[in-house]
Amino acid sequence: MKSIVLAFIVLSILGLSTFSQSLGTAGTISGVVTDPNGAVVPGARVTLSNSLTGYTRTVTTDASGSYKFVGVAQNNYVISVDAAGFQKASIDANVRSTIPIDLPIKLSLAGTAATVDVMTEGNLIENVPTTHVNVDQSVIGRLPLTTPGNGLSDAVTMTSPGVVADSNGFFHPLGDHAQTQISLDNQPITDQQSKAFSTQVPVNAIQSLEVITGATPAEYGDKTSLVINATTRSGLNQKKPSGSFTTTYGTFGTLQQEASLAYGGPRFGNFTAFNYERSNRFLDAPEFVPLHDTGNSFSIFDRLDYAPNQKDTFHANIFVARNKFQIANTYGQQALGQDQRQQVQSLNLAPGWVHIFNSSTVLSINPFYRHDDVKYFPSANPFADQTTTISQHRTLSNYGLRGDVSYASGIHNMKFGGQATWTGLSEQFGFGITDPNFNDPASPDFIPGLLPFDLTRGGTLFNFSEQKTISQQAAYAQDTISLRNGLTASLGVRFDNYHGISQGHSIQPRFGLSYHIKSTNTVLRASYTRNFETPYNENLILSNITGGNGLADGILGSATTGTLKPGNRNQYNFGVQQGIGSHIVADFDYFIKRTNNAYDFNVLLNTPITFPISWSQSRIHGYSVRFDYTNWKGLSAFFRAGHTVAEYFPPETGGLFFNSDLPAGPFLIDHDQKFQFTTEVQYGFDTFTSFHKFAPMLGFTWRYDSGLVAGSVSDYATALALSADEQQQIGLFCGNVFATLSMPLTTCNSDVRGALRIKIPADGTE
Numbered sequence: 182m183k184s185i186v187l188a189f190i191v192l193s194i195l196g197l198s199t200f201s202q203s204l205g206t207a208g209t210i211s212g213v214v215t216d217p218n219g220a221v222v223p224g225a226r227v228t229l230s231n232s233l234t235g236y237t238r239t240v241t242t243d244a245s246g247s248y249k250f251v252g253v254a255q256n257n258y259v260i261s262v263d264a265a266g267f268q269k270a271s272i273d274a275n276v277r278s279t280i281p282i283d284l285p286i287k288l289s290l291a292g293t294a295a296t297v298d299v300m301t302e303g304n305l306i307e308n309v310p311t312t313h314v315n316v317d318q319s320v321i322g323r324l325p326l327t328t329p330g331n332g333l334s335d336a337v338t339m340t341s342p343g344v345v346a347d348s349n350g351f352f353h354p355l356g357d358h359a360q361t362q363i364s365l366d367n368q369p370i371t372d373q374q375s376k377a378f379s380t381q382v383p384v385n386a387i388q389s390l391e392v393i394t395g396a397t398p399a400e401y402g403d404k405t406s407l408v409i410n411a412t413t414r415s416g417l418n419q420k421k422p423s424g425s426f427t428t429t430y431g432t433f434g435t436l437q438q439e440a441s442l443a444y445g446g447p448r449f450g451n452f453t454a455f456n457y458e459r460s461n462r463f464l465d466a467p468e469f470v471p472l473h474d475t476g477n478s479f480s481i482f483d484r485l486d487y488a489p490n491q492k493d494t495f496h497a498n499i500f501v502a503r504n505k506f507q508i509a510n511t512y513g514q515q516a517l518g519q520d521q522r523q524q525v526q527s528l529n530l531a532p533g534w535v536h537i538f539n540s541s542t543v544l545s546i547n548p549f550y551r552h553d554d555v556k557y558f559p560s561a562n563p564f565a566d567q568t569t570t571i572s573q574h575r576t577l578s579n580y581g582l583r584g585d586v587s588y589a590s591g592i593h594n595m596k597f598g599g600q601a602t603w604t605g606l607s608e609q610f611g612f613g614i615t616d617p618n619f620n621d622p623a624s625p626d627f628i629p630g631l632l633p634f635d636l637t638r639g640g641t642l643f644n645f646s647e648q649k650t651i652s653q654q655a656a657y658a659q660d661t662i663s664l665r666n667g668l669t670a671s672l673g674v675r676f677d678n679y680h681g682i683s684q685g686h687s688i689q690p691r692f693g694l695s696y697h698i699k700s701t702n703t704v705l706r707a708s709y710t711r712n713f714e715t716p717y718n719e720n721l722i723l724s725n726i727t728g729g730n731g732l733a734d735g736i737l738g739s740a741t742t743g744t745l746k747p748g749n750r751n752q753y754n755f756g757v758q759q760g761i762g763s764h765i766v767a768d769f770d771y772f773i774k775r776t777n778n779a780y781d782f783n784v785l786l787n788t789p790i791t792f793p794i795s796w797s798q799s800r801i802h803g804y805s806v807r808f809d810y811t812n813w814k815g816l817s818a819f820f821r822a823g824h825t826v827a828e829y830f831p832p833e834t835g836g837l838f839f840n841s842d843l844p845a846g847p848f849l850i851d852h853d854q855k856f857q858f859t860t861e862v863q864y865g866f867d868t869f870t871s872f873h874k875f876a877p878m879l880g881f882t883w884r885y886d887s888g889l890v891a892g893s894v895s896d897y898a899t900a901l902a903l904s905a906d907e908q909q910q911i912g913l914f915c916g917n918v919f920a921t922l923s924m925p926l927t928t929c930n931s932d933v934r935g936a937l938r939i940k941i942p943a944d945g946t947e
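Quick note: the sequence shown uses this note's numbering, first residue 182, plus one each step.
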C-alpha cells in the first residue's frame, strides 16, 4: 500500500504543472464596468459584500474596466461600484454553484437622475431547501475560541444551532455522535478531526464556512448529520502582500500565536498560515485544578493558486500539524505518578483542477491524500497507571479522487459526480489491569475473559496488532430547480458502496422544497433525505472483533467478522426563515431522524481513547433556532439555540466495555440535551481611524448548556459507591455535608441530597 500512496503523491504533484485549481464549491463573479456610452471605466472600486455573514471584498477595475472575484462561497451578495464622476451603483448577485457569473455594470454620470440599485431586503434571506448557516472569516476571527487545538470545533459549536458541546472540544450534531463531514475545498474528510483523534485545519486559514444540518445535497455522503463546507483563504489578486500576527495569553498558562501571509496576482497566489498553542489545561480536566494536563499543538497550512488562462485554474493545499499532550490525572492518579501521554501527527496533500468548458459547464477534479499517526504512551511503571495500563499506535491513511461536472441552464442548476476512496488502517493496542479491585473474582460483575490480562493476578498484557483497508465508491446527481413564483425544488440521488471489514451499499433519494413569500419576506422549506451511515475508522478493527456487548462477555472474535455494519437514516426537516426589516433574520428548523445501526463511541475509562460501537437503532428529534442582526453603525449580534431528544435502542455491538452495565431497553444517550444557546454581541469602532486605521472591537459572549445525559450515575445509591475523588468531582452532598477527598459519603438518611454538577434521578424513577 505504501507504494500506491507514494505513486499517488507523485502523480498529484506532477499534475500541478498542467492541471489547475479547484475552488471547491465556491464560485466566481466577474464583469466589466462601463459608462453610459459603453466605454470602459478603469480604476473603479468594486465591492462584494454580504451584510448577514460580514463578508466584504474590494477590487479595482483594470485598464479594460474588468473586475473579478474568485473563491466566493455560495450565498447572496451585493456588488457596489464607486468611481469618480459617477453615481454609486449596487446590484444583487446570487452564487449557487461553481459556474462563473458574468455581471456587467453600467454607471450613470454624477448629478443625473438615473441610478443602478436593485438591493432588496430579500437579499438577507435565502430561498433554498437546505438548512444551513454561513460564517465568514470576519466573524470567525472575532469569536472567543478558547479550546486549545480545536478552534474549528469551537467556531462550529458557537455559530451553529443544534450542535451540542462535549469535552475536549468535541461536539454532537443534532443528537448524533460525530457524524460530521468536512468538505475542505472539495476534499471530503469524514474521519474524526478533534484533537483527541487527529488535527484540525486552523481557523485563520478559513475564508468561509457553510454548516449544513438538513436537506443535505447528494454530493455529500458517509457522515452527513453535519456537513462543514469550508473554503480556504487564497493569495490570488493580492496586489500587495498582506498578513497578520496575533499572540494571546490566558489562564492556565495558555499561549496562542497565529500568523498568516497572502500575496499574488491574477495568475498566481499563495496563502500561508502558521499556528502554535500551548496550555497547562490542554484537555478538559477531571478536577477543578488541572493535574498533568500540559499540551501543545503546531500547524502549517499553505494554499498555492495558479490560473494560467481563462479556462483553467488549479490549487494545492498542504497541511502539516502535530498535537502532543499529557493525559489529565485525577488526584489519585497524580499521587501514584501516572504519566500517560499522546501524540498526533498529520499530513494532508490536496491538489485540484477546475476547467471551464463554457459559460454553463464546469469540471472539477480533486485528488487527495491524508495521513494521521497517533501514539498513546503508558507510564514507565505500569502499576502507576490506574486502573489499567494502556498503549496504542494507530495510523490512518485516506487517499482518493473526487470529480464532478456542474451545469446551469435556465431554471436548472445541476451537478453530476463521483468519488473513490481508500482508507488504510493499522492498529496496535495493548492493555493490562493494574488495580486488583477492578475485576475481582469475588465480585458479581467479574468478567472471566479479562482474567488473563490482570497483572495483579499473574496475567500478561493484552496485545493486538492488525491492518485493514476500507474502500468506498460513490456516484451522485442533483438538480436545484428555480421555478416560478418563488418556488425552489432540490432533487438528488446518491449511490454508496462500502467494502471494509463489513460490506454494504445503498441508494439514497433526497428531496427538498422552499417557497419565498415575497409580500412578507418569508421562506418556508421542507425536505427528506436518505443517508447511508458507515462505521467510524478510529480503532475500527479491534472494535469489530469484540462482538456484541464489547468485552463485557469476555469474547474476542475474528478481525474479519464485520460486526459493525453500515446503517441507513431517514431524516425530515421542516423550517421557516423570516426577514425582519433590513437588519434581522430569524430561522427555525424542526428535525426528525430515524436510524438503524446508529453509531456511537465507547470511551475507554477516563482516557481520550475511544472505540466505535453501534446500537440497534436511534430515534432523534428536536429543533434549532437562530437570529442574526446585521451590522448597523458597528453593532452586530447573533443568537443560536437548540433542543435535542436522542433515544437509542440496544443491543450494542463492538467496543471495549470493561463491565456489564449496559442498558436493557431504550435510553437517552449522552448526545441528548434539553437546551443550549449562544449569544454573541459585537461592537466595532469602525470609524475610529486616527491611529493608523486602528479600530478596536468589543465583544460579549454568553454560552449556556443545560447538560448532557450522564448515565453512569443512575441513582443516589450508585453515587454512594463512587470513590471519594469521584464524589467530590460531582459535588455529592447529604444535607449540608459534602463529600471530600478525605471523607467520602457512605450513607445518607436526609431527604436533602444530590449533587451540584450532575442531576441524580430520584429513587425509583429510573
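Just so it is clear, CB atoms sit at the ideal spot from N, CA and C, and this is done for glycine as well.
Strand pairing of residue i, partner residues [DSSP]
i, result
"residue 927", "According to DSSP, which records beta bridges pairwise, residue 927 is partnered with nothing at all."
"residue 802", "773, 826"
"residue 689", "675"
"residue 458", "437, 478"
"residue 168", "No statement about residue 168 is possible, as the shown extent of the chain runs from 182 to 947 and does not include it."
"residue 258", "274"
"residue 725", "According to DSSP, residue 725 bridges with nothing at all."
"residue 645", "610"
"residue 897", "Answer is none; residue 897 lacks a bridge partner."
Anticipated Cβ contact below 8 Å, residue i with residue j, distance rounded
i, j, result
"residue 499", "residue 483", "5 Å"
"residue 424", "residue 450", "With 8 Å as the limit, residue 424 and residue 450 do not qualify as a contact, their Cβ atoms being about 13 Å apart."
"residue 915", "residue 938", "Not quite, the Cβ-Cβ distance comes to about 16 Å (not below 8 Å), so this is no contact."
"residue 471", "residue 442", "34 Å between Cβ atoms; not a contact."
"residue 723", "residue 608", "6 Å"
"residue 524", "residue 505", "5 Å"
"residue 655", "residue 674", "The Cβ separation is near 11 Å, so there is no contact."
"residue 352", "residue 344", "5 Å"
"residue 267", "residue 288", "4 Å"
"residue 496", "residue 533", "6 Å"
"residue 584", "residue 598", "6 Å"
"residue 326", "residue 384", "7 Å"
"residue 510", "residue 473", "4 Å"
Spatially closest choice to residue i from the options, by CA coordinates
i, options, result
"residue 671", "695, 648, 914", "695"
"residue 291", "878, 327, 269, 282", "269"
"residue 667", "749, 651, 306, 612", "306"
"residue 308", "354, 693, 859", "693"
"residue 396", "386, 315, 407, 261", "407"
"residue 931", "426, 919, 697", "919"
"residue 553", "455, 527, 514", "527"
"residue 247", "259, 253, 212", "212"
"residue 849", "830, 364, 312, 251", "830"
"residue 477", "328, 588, 215, 929", "328"
"residue 218", "272, 286, 243", "286"
"residue 577", "374, 710, 334", "374"
"residue 262", "222, 770, 710, 232", "222"
"residue 878", "866, 884, 885, 886", "866"
"residue 517", "562, 320, 342", "562"
"residue 785", "255, 557, 224", "557"
"residue 550", "501, 535, 592", "501"
Short CB-CB distance (under 9 Å) between residue i and chain D
i, result
"residue 599", "Any reference to chain D falls outside this structure, which holds one protein chain only."
Notebook entry, point to check: Does the pairing of the region 695-710 with the region 636-651 give three or more beta-carbon distances under 8 Å?
Noted result: no
Notebook entry, point to check: Using 8 Å as the Cβ pair cut-off and three pairs as the minimum, do the region 461-469 and the region 389-407 touch?
Noted result: no
Check: Does the region 234-245 come within contact of the region 426-441, defined as at least 3 CB pairs closer than 8 Å?
Finding: no
Note to self: Quick check on the DSSP output: what are the complete beta strand (DSSP E) runs of length 3 or more inside the region 298-361, in order along the chain?
What the structure shows: 312-317, 344-346, 352-354
Next item on the list: Examine the Cβ distances between the region 524-542 and the region 565-576 and report whether three or more of them are shorter than 8 Å.
Entry: no
Note to self: Would you call the region 787-799 in contact with the region 762-770, where contact means no fewer than 3 C-beta pairs closer than 8 Å?
What the structure shows: no
Margin query: Check whether the region 400-420 and the region 273-281 touch, using three or more Cβ-Cβ pairs below 8 Å as the test.
Written below: no
Notebook entry, point to check: In chain order, which beta strand (DSSP E) runs of at least 3 residues are fully inside the region 485-560?
Noted result: 493-507, 522-539, 542-558
Next item on the list: Count the CB pairs spanning the region 805-825 and the region 842-862 that are closer than 8 Å, and state whether there are at least three.
Entry: yes
Note to self: Would the region 709-727 count as touching the region 778-794 if we require 3 or more Cβ pairs under 8 Å?
What the structure shows: yes
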